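Numbering (the working numbering), first residue to last: 320 to 768. Where a beta carbon is used, it is the ideal one built from N, C-alpha and C, also for glycine. Please read all numbers here as calculations on a predicted model, not as lab measurements.
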Ligand code: PHE
């Protein structure tokens, strides 16, 4: 449940629908599912196993297990930082939408008012002060929880919140697919069409791959940390199947909630709307629900905020834990509260720019042609996560040894029937896929001419 809580977040609800929308729909879905089965499953087994073997977090695990890849935990540390610089901005947007729907519900002036879904969003993101304040609110909530230590409270909280989110998502799905014109969106998602590969295979392929790592919280230390909490009798293989299954299911559901509605309400262009797709389209859907819309909107966004918080906490925890462990290694005792506060503050220092950029709506300079949010996203999920996963696969097959993973998985008489498939995947499929992804990314960044 905890691993599923980390996996299910804005990646599923915000990222998946728009990436599928801008990368050919069905073609993206096919590549995504294949990558989950061939790459995600194997990396998840590796991460859970080494976490349980060492009983430590990302940095500590590599320090303990490797001679040549001791520093690999650092990559996780940096990815977590970059992800948080835009994750917090999106979390802030979700808070703004919860507030707006509450405003609509009680007829107060902080609702969406007379504005259409599109112009409400446009005027909010262009308001730099408001964007920064909402980002700050999200960051403060995250920081306070991490400062207290990730307690039992959050876990039991998310155990009720997650099933509730699922139910709310179903309600939105039903509304979305019953809108006139929704079939177009369903066809886009599920009708076989591999045409998009012809135009830009590498783009579809590397976007799907980055999204897969991001959504499963892989190559970022989070799953190593969760592995360290597993019991020796727990079945790692079963976890490595259930977590991706649940995560993928929620992502596809979010796709069905957003894409058909985008087609129904905004025509084909809306499906290609990129990072703003979720916010604009869903607000359209809530508006089409009439008087009950704001209530559904409010509940929905509160649940999304909770899902985002459970993921954000695990990200900030990875960075915080590194400093605590490092102090420990020097025989000193660091103050968790101060470390967590400073980590959050430095994330906020960069997030301010992402928030102020307002998805490129405020005339901020772009970075290598990308808006700030997309750049941070590409850097982390597009480059650092695949690179980390590639090095992990090399470390496991060349230095640590696949049999050691098998030994860990088989503890407590657990079977590992998929071992040959797993070993083949780590040795061959993962490296080849990730080299292709990195090649595609560098090409996309314009670094290969
Ligand atoms: N998986 C989370 C999501 O989909 C994001 C995340 C990535 C969380 C990496 C932790 C580690 O939103």
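Go to residue i, then tell me how far its alpha helix (DSSP H) extends in each direction, as first and last residue.
{"i": "residue 758", "result": "749 to 763"}
{"i": "residue 393", "result": "391 to 425"}
{"i": "residue 454", "result": "447 to 467"}
{"i": "residue 723", "result": "721 to 729"}
{"i": "residue 550", "result": "Run containing residue 550: none; DSSP gives neither H nor E here."}
{"i": "residue 351", "result": "345 to 354"}
{"i": "residue 666", "result": "655 to 676"}
{"i": "residue 336", "result": "335 to 341"}
{"i": "residue 381", "result": "377 to 384"}
{"i": "residue 738", "result": "738 to 743"}
{"i": "residue 522", "result": "514 to 534"}
{"i": "residue 629", "result": "612 to 648"}
{"i": "residue 506", "result": "502 to 509"}
{"i": "residue 362", "result": "360 to 373"}
{"i": "residue 429", "result": "Run containing residue 429: none; DSSP gives neither H nor E here."}
{"i": "residue 324", "result": "321 to 326"}
{"i": "residue 707", "result": "704 to 713"}
{"i": "residue 687", "result": "No alpha helix (DSSP H) contains residue 687, which DSSP labels as neither H nor E."}
{"i": "residue 599", "result": "596 to 606"}
Roughly how many angstroms separate the alpha carbons of residue i and residue j, rounded to a whole number?
{"i": "residue 372", "j": "residue 543", "result": "10 angstroms"}
{"i": "residue 568", "j": "residue 575", "result": "11 angstroms"}
{"i": "residue 708", "j": "residue 336", "result": "24 angstroms"}
{"i": "residue 654", "j": "residue 389", "result": "25 angstroms"}
{"i": "residue 667", "j": "residue 693", "result": "17 angstroms"}
{"i": "residue 598", "j": "residue 762", "result": "30 angstroms"}
{"i": "residue 624", "j": "residue 450", "result": "16 angstroms"}
{"i": "residue 546", "j": "residue 369", "result": "7 angstroms"}
{"i": "residue 357", "j": "residue 525", "result": "15 angstroms"}
{"i": "residue 768", "j": "residue 647", "result": "Note on residue 768: pLDDT 47, under 50, position unreliable in the model; no value is reported."}
{"i": "residue 413", "j": "residue 605", "result": "14 angstroms"}
{"i": "residue 695", "j": "residue 732", "result": "43 angstroms"}
{"i": "residue 749", "j": "residue 527", "result": "14 angstroms"}
{"i": "residue 554", "j": "residue 737", "result": "13 angstroms"}
{"i": "residue 741", "j": "residue 507", "result": "33 angstroms"}
{"i": "residue 561", "j": "residue 434", "result": "42 angstroms"}
{"i": "residue 685", "j": "residue 463", "result": "32 angstroms"}
{"i": "residue 381", "j": "residue 331", "result": "29 angstroms"}
{"i": "residue 478", "j": "residue 517", "result": "43 angstroms"}
{"i": "residue 406", "j": "residue 631", "result": "7 angstroms"}
{"i": "residue 529", "j": "residue 536", "result": "11 angstroms"}
{"i": "residue 393", "j": "residue 706", "result": "12 angstroms"}
{"i": "residue 346", "j": "residue 513", "result": "5 angstroms"}
{"i": "residue 743", "j": "residue 362", "result": "12 angstroms"}
{"i": "residue 700", "j": "residue 494", "result": "32 angstroms"}
{"i": "residue 409", "j": "residue 454", "result": "8 angstroms"}
{"i": "residue 573", "j": "residue 483", "result": "14 angstroms"}
{"i": "residue 697", "j": "residue 571", "result": "22 angstroms"}
{"i": "residue 602", "j": "residue 503", "result": "20 angstroms"}
{"i": "residue 522", "j": "residue 427", "result": "44 angstroms"}
{"i": "residue 716", "j": "residue 418", "result": "50 angstroms"}
{"i": "residue 459", "j": "residue 759", "result": "37 angstroms"}
{"i": "residue 643", "j": "residue 652", "result": "7 angstroms"}
{"i": "residue 755", "j": "residue 520", "result": "11 angstroms"}
For the ligand PHE, any of its heavy atoms closer than 6 angstroms to the Cβ of residue i?
{"i": "residue 541", "result": "yes"}
{"i": "residue 533", "result": "yes"}
{"i": "residue 331", "result": "yes"}
{"i": "residue 322", "result": "no"}
{"i": "residue 326", "result": "yes"}
{"i": "residue 634", "result": "yes"}
{"i": "residue 442", "result": "no"}
{"i": "residue 450", "result": "no"}
{"i": "residue 477", "result": "no"}
{"i": "residue 663", "result": "no"}
{"i": "residue 536", "result": "yes"}
{"i": "residue 407", "result": "no"}
{"i": "residue 630", "result": "yes"}
Under the assumption that residue i contacts residue j (Cβ atoms under 8 angstroms), give the Cβ distance between them as a whole number of angstroms.
{"i": "residue 659", "j": "residue 629", "result": "Contact flag wrong, Cβ pair sits at about 16 angstroms."}
{"i": "residue 641", "j": "residue 378", "result": "5 angstroms"}
{"i": "residue 500", "j": "residue 583", "result": "4 angstroms"}
{"i": "residue 387", "j": "residue 718", "result": "6 angstroms"}
{"i": "residue 634", "j": "residue 402", "result": "6 angstroms"}
{"i": "residue 490", "j": "residue 615", "result": "7 angstroms"}
{"i": "residue 339", "j": "residue 532", "result": "Residue 339 to residue 532, Cβ: 16 angstroms. No contact."}
{"i": "residue 328", "j": "residue 675", "result": "Not a contact, Cβ separation roughly 23 angstroms."}
{"i": "residue 711", "j": "residue 538", "result": "7 angstroms"}
Let me check you understand the geometry: is the CB of residue i closer than 6 angstroms to at least one non-hydrogen atom of the ligand FMN?
{"i": "residue 352", "result": "Absence of the ligand FMN is noted for the structure shown, with the ligand PHE being the only ligands found."}
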